[in-house]
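Read the structure below first, then the notes.
Have a look at this one:
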């Protein structure tokens, strides 16, 4: 069974929500943060805890590529 998960951040005006499959009927909010940086850290943590593959954002960037790019840009440690 192939899993297809996309993780995005939704700013609802109160919090930065980490959402799986945003924009679909399978939308699922997994966490809320008061800063964008904390939401980004959570996405990295989601990958680290079990090394599952998923994509990030509207462009559906593979999570491993997203982490490398975010570290290169200085947004993640």
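Residue numbers (our numbering): 39 to 115.
Note that beta-carbon positions come from the ideal geometry of N, C-alpha and C, so glycine has one too.
Computed from a predicted structure; not experimentally measured.
query: Measuring only the C-alpha atoms, how far is residue 104 from residue 67?; result: 20 Å
query: For residue 111, collect the residues of the same chain with a Cβ closer than 8 Å to its Cβ; drop the 5 residues on either side in sequence, then sort them by chain order.; result: none
query: Pull the bridge partners of residue 93 from the DSSP assignment, please.; result: 44 and 100
query: Does the Cβ of residue 56 have 16 or more other Cβ atoms within 10 Å, making it buried, or fewer, making it exposed?; result: buried
query: Between residue 70 and the rest of its own chain, which residues show a CB-CB distance below 6 Å, the 5 nearest in sequence each way excluded?; result: 53 and 55
query: Given a threshold of 16 other Cβ atoms within 10 Å of its Cβ, counted over all protein chains shown, does residue 106 qualify as buried or as exposed?; result: exposed
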